[in-house]
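In what follows, a single structure is set out as structure tokens and then discussed.
Numbering (this note's numbering), first residue to last: 5 to 224.
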């Protein structure tokens with residue numbers, strides 16, 4: 005973890021030598037990180053879309069073998085194999101990204117921004133000490149809302165039995181992140197919001213492109 009953190013700090017400092025504005029540096033750093041992690045994002049989305057596409061067939065099997073869990077499990081595994089779907093494939097890209105994401109958290113939590121500000125708020129101070137209540141509320145609400153929307157875009161939309169649970173979990177997580185954003189340094193909050201906004205754009209585009217490609221392939 006320390007090795008990854010040190011590499012990320014070096015990259016961030018390098019960006020700062022080119023663009024000597026910490027607010028803009030956070031944006032550029034987050035954008036660069038998103039580009040590097042994009043292949044894993046594509047793999048994860050591809051797996052999710054494939055799983056969604058076969059949900060109608062899964063439901064048919066659940067009805068057909070509702071009284072025989074063993075046959076249902078075997079039929080589902082056969083379906084996954086015939087459709088070329090690995091139900092666990094979406095987890096691997098996320099697991100690979102986790103050490104990097106945790107390292108980024110520590111980078112911005114511990115980084116010394118000095119007196120630098122971004123949109124009127126000191127990056128080094130906890131958000132709750134920003135002074136301007138309007139800006140504090142703005143960042144806090146933006147953190148919660150962007151967390152909800154970016155997570156919502158990642159959540160499968162055609163799994164009705166889990167829809168209510170997923171929405172409730174997303175709301176709870178968003179409120180939690182809004183609360184901890186209030187206590188974190190503003191630099192870390194800015195990173196989190198920018199990360200979520202970029203993720204929303206990337207995920208929306210990937211969902212649309214990969215689903216369309218999968219639908220075309222299914223018609224052949």
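No residue lacks a Cβ here, since even glycine has one placed at the ideal position from N, Cα and C. As the structure is a prediction and not an experimental result, all values here were calculated from the model.
- For residue 61, same chain residues with a beta-carbon under 7 Å away, outside a window of 5 residues either side, are 83 in chain order.
- The beta carbon of residue 139 sits closer than 6 Å to the beta carbons of 124 and 125 from its chain, once the five residues preceding and following it are set aside; these are given in chain order.
- As the crow flies, the alpha-carbon of residue 21 is around 30 Å from that of residue 136.
- Pairing residue 15 with residue 171, the inter-Cα distance amounts to about 36 Å.
- Taking the CA atoms as reference points, residue 130 sits about 29 Å from residue 158.
- Checking the DSSP bridge columns, you'll see residue 189 partnered with 130.
- When secondary structure is reduced to three states using DSSP, residue 125 falls in the strand class.
- Annotated three-state conformation of residue 194 is helix, per DSSP.
- Restricting attention to 52, 200 and 89, the CA atom closest to the CA of residue 149 is found in 200.
- Put simply, of 87, 128 and 153 the residue whose alpha carbon is nearest the alpha carbon of residue 58 is 87.
- When C-beta atoms of the stretch 141 to 155 are compared with those of the stretch 183 to 203, three or more pairs fall below 8 Å, so the two segments count as touching.
- If you look at residue 61, you'll find it in the alpha helix (DSSP H) that goes 59 to 68.
- Between residue 50 and residue 206, the C-beta spacing is not below 8 Å.
- The Cβ atoms of residue 117 and residue 128 lie closer than 8 Å to each other.
- In this structure, the alpha-carbon of residue 10 lies about 11 Å from that of residue 115.
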